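Working notes for the structure below.
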Amino acid sequence: MAVKRCAEVPISARPGKMMRIAIKSWSRFLPPYIPDDVIFDILLRLPSKSLIRFKSVCKAWHAIISNPCFISAHLECSKQKPSIFMVPGVYEKQNNGENTSFLMGLYQYQGGNIMEQIHVQDFPQGIGTWSRPIHCNGMLLISTMNHEMIVCNPSTREIVSLPKGSYNLHAGPRAGFGFDPHSNKYKVARFFYQRDDDTSELVCKFEVLTLGTNLWRQTEDPPYPISGLTPVHVKGAIYWMVNTPLCPDPPNAFLRFCLTNEKFSLLQYPPCNLKPTRFIEVEGELCCACFCSQVSALKIWTCNYAQNPEWTQRCTVQIPPDIVVNNPVARPPIVFLHGKKLLLTWNQVYQYDIQTCRMEKIASGVEDFTCYDPRNNKYWAYLEKEVTDMHLFNYAESLVPIREF
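Numbering of the sequence shown is given in the UniProt record's numbering, commencing with residue 1 and proceeding in unit increments.
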């Protein structure tokens, strides 16, 4: 059979037009092209809940959202608009008399007496009574009176149980949680008390666990015994208060534990005639509250981070007597910044407007709050009768994975 030469094959007189028609017809089915940097910027503005769903859209989006650079940038965006989480302590009395919790409800404070349900974490085996969760970059450290420690990320639903640390002669949770910017690692730090083998004196010890490992490493001993008050993490360091009853000559300073070199140093108290009684983390800054029980006045100081740290008084707040804690001495409430207002809480919740100096009572307890469930778009009254306490803390959501550290 004869084979036709190329010259004998009929050729369209207008091939360019036919090609344009074909491209035009197929373009109806192709998505418009969006540059990667534009997609990155759009995704950056979305909440973690949406981003987790959008991972399944395509491989490209999954790669962007899972990228450590994106996770870090998204965290910084979240820090610009932090929220306040509320965690009611719901327990069941066991036969041995101990309180045990089998779930932990996490709620986001929406203003007024409204809280939105974010996540309910189940504990099938139960955990003991917990102290106020400590937040760092979207992750929470939960410490219990039974020396259990759990790290979870409410946004990603990840949860990890940490190994128990060294035996502690003092009951109760004694842990801090923070980020080491030098190694890009998250660390849990705890102090504990043991008897000296030679003198039988009570000695304060210290140990650190890096997330991603399963090992507690003992560091140098603190220069002074440490108080069980909740510590605070600010810019690569954890700050603790000195246990003055156990210290014959206590310093007028906080203990600062650097997460990079794992060494202790001292940070002098603010220039106030009142002793600091609580730490406050306000907009990523180190703040403390000095309380005068005679006049129920709370002075809030902020520390800068220059070469020579300096304290500046931020405001003075007259607080209602029903949120003063007498256990065993008078202590002020826990304080948080919410926009241009302060939230003061113990069992009651008050809101203080810094600009107008107006104090307003929001709730007498968790039962005064109304819960909102975004999944069903419904509101309901919080009716848990077993609530023994209520914890509030600053929170910025993130996609930071726990198991990759």
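For glycine and all other residues, C-beta sits at the position ideal for the given N, C-alpha and C.
Since this is a predicted model, take the numbers as computed values, not measurements.
Once you ignore the five residues that flank residue i on each side, which residues in its own chain have a CB closer than 6 Å to its CB?
i, result
"Leu286", "Val234, Cys303"
"Phe254", "Tyr239, Leu267"
"Leu342", "Val335, Tyr352"
"Gln94", "Thr100"
"Trp301", "Pro270, Cys288, Trp311, Gln313"
"Gln218", "Glu207"
"Lys122", "It is worth fixing the name first, because residue 122 is Asp in this sequence and not Lys. Only Leu103 meet the Cβ criterion."
"Asn146", "Gly128"
"His62", "Lys55"
Could you pull the DSSP bridge partners for residue i from this structure?
i, result
"Pro88", "Met390"
"Asp122", "Leu103"
"Gly178", "Lys187"
"Gln268", "Ala253"
"Cys371", "Met115, Trp380"
"Tyr109", "Met115"
"Lys352", "Going by the sequence as given, residue 352 is Tyr instead of Lys. For Tyr352, which the question treats as bridged, DSSP gives the partners Leu342, Met359."
"Phe206", "Phe191"
"Ala297", "Cys292, Gln318"
"Gln218", "Glu207"
"Leu229", "According to DSSP, Leu229 bridges with nothing at all."
"Ser161", "Ile150"
Going along the chain, which residues of its own chain have a beta-carbon closer than 8 Å to the beta-carbon of residue i, five neighbours each way excluded?
i, result
"Ala297", "Phe291, Thr316, Val317, Gln318, Ile319"
"Gln355", "Lys340"
"Ile118", "Phe85, Leu106, Tyr107, Gln108, Pro154"
"Lys378", "Tyr372"
"Leu274", "Cys290, Phe291, Cys292, Lys299"
"Gly236", "Gly178, Phe179, Asp180, Pro181, His182, Cys258, Leu259, Thr260"
"Arg89", "The identity of residue 89 in the sequence shown is Gly, whereas the question assumes Arg. Cβ neighbours of Gly89 beyond the five flanking positions: Ser101, Thr129, Trp130, Val387, Thr388, Asp389, Met390, His391."
"Leu46", "Phe54"
Would residue i pass as an interface residue toward chain D - the criterion being a Cβ-Cβ separation below 9 Å?
i, result
"Gln313", "Although the question refers to chain D, the structure presented lacks it and comprises just one protein chain."
Quick check: what's the CA-CA separation for residue i versus residue j?
i, j, result
"Arg278", "Arg132", "13 Å"
"Leu202", "Arg195", "5 Å"
"residue 440", "Met115", "Given a span of 1 to 405 for the chain in the structure shown, any question on residue 440 remains unanswerable."
"Asp249", "Thr312", "26 Å"
"residue 407", "His135", "Outside the displayed range of the chain (1 to 405) lies residue 407, so it cannot be described from this structure."
"Tyr91", "Thr129", "8 Å"
"Thr156", "Ile402", "9 Å"
"Val87", "Thr199", "43 Å"
"Met390", "Asn99", "15 Å"
"Asn113", "Leu392", "13 Å"
"Leu399", "Val151", "14 Å"
"Leu344", "Arg358", "13 Å"
"Leu141", "Met104", "13 Å"
"Ala381", "Glu360", "21 Å"
"Arg256", "Met241", "9 Å"
"Cys77", "Leu51", "14 Å"
"Val120", "Asn96", "26 Å"
"Pro124", "Phe264", "39 Å"
"Pro163", "Gly176", "15 Å"
"Pro321", "Tyr350", "12 Å"
"Phe70", "Trp216", "31 Å"
"Ser66", "Cys247", "48 Å"
"Trp64", "His170", "Sequence check: residue 64 is Ile here, not Trp. Distance between the alpha carbons of Ile64 and His170 is about 47 Å."
"Asn243", "Leu209", "23 Å"
"Gly212", "Val188", "11 Å"
"Asn376", "Gln110", "17 Å"
"Asp197", "Cys272", "40 Å"
My guess is that residue i and residue j are in contact by the Cβ rule of under 8 Å, so how many angstroms apart are they, rounded?
i, j, result
"Leu267", "Pro309", "6 Å"
"Pro276", "Ala289", "7 Å"
"Ala161", "Glu397", "Sequence check: residue 161 is Ser here, not Ala. Not confirmed; about 22 Å, so no contact."
"Thr144", "Ile127", "5 Å"
"Tyr193", "Asn168", "6 Å"
"Ile323", "Gln348", "5 Å"
"Tyr224", "Pro251", "7 Å"
"Gly284", "Lys79", "7 Å"
"Leu75", "Gly138", "6 Å"
Below 7 Å CB to CB, which residues in the same chain sit around residue i once its five sequence neighbours on both sides are set aside?
i, result
"Phe191", "Arg174, Cys204, Lys205, Phe206, Pro222, Ile226"
"Ala73", "Leu44"
"Ile34", "none"
"Ala22", "In this prediction, Ala22 has a pLDDT of 45, which is less than 50 and means its spatial position is unreliable; nothing more can be read from the coordinates."
"Pro374", "Glu116"
"Pro82", "Asn394, Tyr395, Ala396"
"Ile280", "Cys287, Cys288, Ala289, Ile300, Val335"
"Tyr305", "Lys235"
Could you tell me if the beta carbon of residue i falls within a distance shorter than 8 Å of some heavy atom in the ligand ZN?
i, result
"Asp249", "Looking at this structure, you won't find the ligand ZN or any other ligand, since it has none at all."
Report task. Assess, as a yes-or-no matter, whether the stretch 175-192 is touched by the stretch 260-280 under the definition of 3 or more beta carbon pairs within less than 8 Å. Result -> With the cut-off at 8 Å, the stretch 260-280 and the stretch 175-192 touch.
Report task. Check whether the stretch 51-65 touches the stretch 365-380, taking contact to mean three or more Cβ pairs, one atom from each stretch, closer than 8 Å. Result -> By the C-beta criterion, the stretch 51-65 is judged not to be in contact with the stretch 365-380, since fewer than 3 inter-stretch pairs fall below 8 Å.
Requested in this report: Evaluate contact between the stretch 31-40 and the stretch 355-365, counting only Cβ atoms and requiring at least three cross-stretch pairs below 8 Å.
Outcome: By the Cβ test, the stretch 31-40 is not in contact with the stretch 355-365, since fewer than three Cβ pairs between them sit closer than 8 Å.
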